[in-house]
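This report concerns only the one structure given below.
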Amino acid sequence: MKILLACGGGMSSSILAENLVSEAKKQGNNDFMMEATGTEEVSLKMQQDNWDALLLAPQVSFRKEHLQKDADSYGIPLIPIEGILYTPMGIPDLYKLIQEKVHK
0 MKILLACGGG MSSSILAENL VSEAKKQGNN DFMMEATGTE EVSLKMQQDN
50 WDALLLAPQV SFRKEHLQKD ADSYGIPLIP IEGILYTPMG IPDLYKLIQE
100 KVHK
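The numbering of the sequence shown is numbering that gives the first Met the number 0, which starts it at 0 and goes up by one.
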């Protein structure tokens with residue numbers, strides 16, 4: 000599973016991505032991959048590769064409408080991340096949410 004994380008390009012998104020990959024491995028999913036990118040680069044990244052979902056970091060939620068169009072054009076879910084899930088303690092629940100949305 001390949002997940003693209005739209006963010007503001009900061010450190011917190013890279014840490015979140017690493018933590019989600021670790022959680023996936025704990026759950027026995029060694030095929031889980033995640034990449035964080037700035038919102039301005041999402042369209043290009045989606046053209047260059049196949050993604051299973053687009054996550055939206057809380058700090059860029061104002062870009063949801065624009066990014067929803069990108070996700071829709073590639074037939075993948077856009078998953079906005081609630082602030083509480085954007086924490087180390089929220090990682091297991093966020094991983095579960097991703098699984099539910101992708102395998103819907």
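Virtual Cβ for every residue (Gly too), placed ideally from N, Cα, C.
Inter-residue CB distance, residue i and residue j (contact presumed, cutoff 8 Å)
{"i": "Leu84", "j": "Leu93", "result": "4 Å"}
{"i": "Glu22", "j": "Ile90", "result": "5 Å"}
{"i": "Leu4", "j": "Ala35", "result": "4 Å"}
{"i": "Asp31", "j": "Val20", "result": "It is Phe, not Asp, that sits at residue 31 in the sequence shown. Contact flag correct, Cβ pair sits at about 6 Å."}
Residue from the options with nearest C-alpha to residue i
{"i": "Met33", "options": "Lys68, Ile75, Asn18", "result": "Asn18"}
{"i": "Ile47", "options": "Tyr73, Leu66, Phe61", "result": "This sequence places Gln at residue 47; Ile is not what is there. Here the closest residue by C-alpha is Tyr73."}
{"i": "Leu96", "options": "Val41, Cys6, Leu53, His65", "result": "Leu53"}
{"i": "Lys103", "options": "Gly82, Pro87, Ile75, Thr86", "result": "Ile75"}
{"i": "Cys6", "options": "Gln26, Asn28, Lys63, Asn49", "result": "Lys63"}
Separation of residue j from residue i, as counted between CA atoms
{"i": "Ile2", "j": "Asp51", "result": "6 Å"}
{"i": "Gly37", "j": "Ala70", "result": "15 Å"}
{"i": "Gln58", "j": "Ile80", "result": "9 Å"}
{"i": "Leu15", "j": "Lys24", "result": "14 Å"}
{"i": "Met45", "j": "Leu66", "result": "11 Å"}
{"i": "Val101", "j": "Gly82", "result": "20 Å"}
{"i": "Glu99", "j": "Met0", "result": "13 Å"}
{"i": "Ile61", "j": "Gly8", "result": "First, the amino acid is wrong: residue 61 is Phe here, not Ile. So the two alpha carbons sit approximately 15 Å from each other."}
{"i": "Gly27", "j": "Ser12", "result": "23 Å"}
Where the alpha helix (DSSP H) through residue i begins and ends
{"i": "Lys63", "result": "63 to 72"}
{"i": "Pro91", "result": "90 to 101"}
{"i": "Leu43", "result": "41 to 47"}
Bridge partner(s) assigned by DSSP for residue i
{"i": "Pro79", "result": "Leu55"}
{"i": "Ala5", "result": "Thr36, Leu55"}
Beta strand (DSSP E) segment containing residue i, residue limits
{"i": "Gly37", "result": "32 to 37"}
Check: residue i C-beta below 6 Å from any heavy atom of the ligand ATP
{"i": "Lys1", "result": "Summarising the ligand content, the structure contains no ligands, and the ligand ATP is consequently not present."}
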